[in-house]
Amino acid sequence: MELDEKFKVVEEVVAVQKKLQSVTVSRFGSLYYKSDAHGCSTGVDINGSLPPSAKRYAEDRFVIGPLAEKSFWEPEQIDSAIDRGPWSSAQSYLRVISKLERSKCPPDKSSPDLQFNSDSLDSLQARLSLLHKFEAVSAYLPPTQPSLKKFTLFHRDLRSPNLFVEAGQITSLIDWQGAWVAPLFMQERRPQLFEYDGEMMLRLPEYFETMEDQAEKAKLQSQVEKSILSWYYHRVVREQNPVLQEIFDLPLARIRRETVLFASDIWEGETLPLRECLYRLQRQWDKLNTGIECPIHFSKEEIRAHEEASSDWNERAKFWDSLSGFVSQDGYTSLEDYEDARELFKELRKEVLQSLSGKELADFEDQSYWMERPG
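Mapping to our numbering: the sequence shown position 276 is 349, numbers consecutive.
Right, here's the structure in full:
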């Protein structure tokens, strides 16, 4: 696809976001067909510039119900009486996250079901400490501006595999199962298509044509294209979607959203991303204009251990960045690149197997065996 056509896709995506954010709902949670309504579901009370017929259609067909998010329903033994939505305020939603995570706290850390990293940063006590800190700051994460205290339908996965495009126009958008009616501050997210955190380069350098290394030339071309698309996306948002621009302009907007995101399943995976968010909140607390001192504190020992762990984590992030456009972190690759991607990961598997021993070797061999299966 030529760059001009990609510009059209940028405009189309912004138009989709604007349309979704132009209609607000009085409560938030997941969207259900009225025929499948959960017992605590509520009607879709819509506000916005919709034709009366469209409003009637939505109110007759849909309801807002509990949040259909895996972390809100697993494991099965968590308290079934916990309010999973719909909610009328962001604060209620954040309090429920704390309550849910507390209900998942393992009663016995020696249980064979637990697979916590022996590293103290991922221990049971460390996770509980992070949950305490999240509870201390959560009330200050939602914005206070009335214009941002709204709930709208949010498609959280605007990336290439979910967009069908013809002649620069979006003809279909799929993968709605993760969509929900969400608070605006939880929608601070650039579409993966146009998200770029590297050094901005809006034109090729003067020496580009004289470069002999074709791989480096391709890398520079990719950097310029990503920079241009990111720049153009933000320009179109600024001109066409003031609601989304206000979200992006919110102080610590990304940290607010990611703090909630990473706290929503604190017993799974690494704790580093949540700790990083909370640490940044501590360092930049004044930007939230709360009028109070920061209610959380990380000791020098905690910060030192976190920074050491971060260096390893950043190396992994660089690895995935190097594969950007080839293989995504969730495993997606295009049909054209599939065989090359399989060969790459088979070679990587061989290298890793040679560097491991004992239980680590057995675990990795079992987890990565799929790479050796016929495509």
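Here a beta-carbon is modelled for each residue, glycine too, at the ideal position from N, C-alpha and C.
For the options 308, 197, 148 and 204, the alpha carbon positioned closest to that of residue 172 is the one of 204. Within the same chain, 215 and 256 come within 6 Å of residue 163 by CB-CB distance, once the 5 residues on both sides are set aside. Here the segment 152-168 makes no contact with the segment 302-321; the two share fewer than three CB pairs at distances below 8 Å. CA-CA distance, residue 78 to residue 86, rounds to 13 Å. Straight-line spacing of the CA atoms in residue 274 and residue 339 works out to 37 Å. One alpha carbon belongs to residue 178, the other to residue 236, and they sit about 39 Å apart. The beta carbon of residue 326 sits closer than 8 Å to those of 258, 261 and 320, all from its chain and outside the five residues before and after it, given in chain order. The alpha-carbon of residue 139 is positioned some 43 Å away from that of residue 297. In the structure shown, residue 280 falls within a coil segment according to DSSP collapsed to helix, strand and coil.
When only Cα atoms are considered, residue 334 and residue 283 end up about 46 Å apart. For residue 435, the number of other beta carbons within 10 angstroms of its own is below 16, and it is reported as exposed.
Counting C-beta atoms within 10 angstroms of its own C-beta, residue 317 has 16 or more neighbours from the protein chains shown and is therefore classed as buried. Straight through space, the alpha carbons of residue 269 and residue 83 are spaced by roughly 14 Å. Under the three-state reduction of DSSP, residue 202 is assigned to helix.
With contacts defined as CB atoms closer than 8 Å, residue 345 and residue 253 fail to qualify as a contacting pair.
Look at the beta carbons and you see the segment 85-102 touching the segment 218-228: at least three pairs across the two are nearer than 8 Å. Shown here for residue 132: same chain residues with a beta carbon closer than 6 Å to its own, the five before and five after excluded, namely 117 in chain order.
Short of 8 Å from the beta carbon of residue 378, and not among the five residues preceding or following it, lie these beta carbons of its own chain, in chain order: 193 and 194.
A distance below 8 Å separates the beta carbons of residue 246 and residue 228.
The beta carbons of residue 368 and residue 169 sit no closer together than 8 Å. Taking all protein chains shown into account, residue 446 has fewer than 16 neighbouring C-beta atoms within 10 Å of its C-beta and is therefore exposed. Collapsing the DSSP output to three states places residue 255 in a strand. The distance from the Cβ of residue 266 to that of residue 232 is about 6 Å, consistent with a contact at the 8 Å cut-off. Contact check for residue 332 against residue 361 fails: the beta carbons are separated by 8 Å or more. Less than 8 Å divides the Cβ of residue 207 from the Cβ of residue 336. Assignment of residue 98 by DSSP, reduced to helix, strand and coil, places it in the strand class. In the assembly as shown, residue 324 is an exposed residue. Its beta-carbon has fewer than 16 other beta-carbons within 10 Å.
Here DSSP, grouped into helix, strand and coil, assigns residue 120 to strand. In the structure shown, residue 239 falls within a strand segment according to DSSP collapsed to helix, strand and coil. Between residue 81 and residue 314, the CB-CB gap reaches or exceeds 8 Å. Residue 441 sits in coil when the DSSP states are folded into three classes, being neither helix nor strand.
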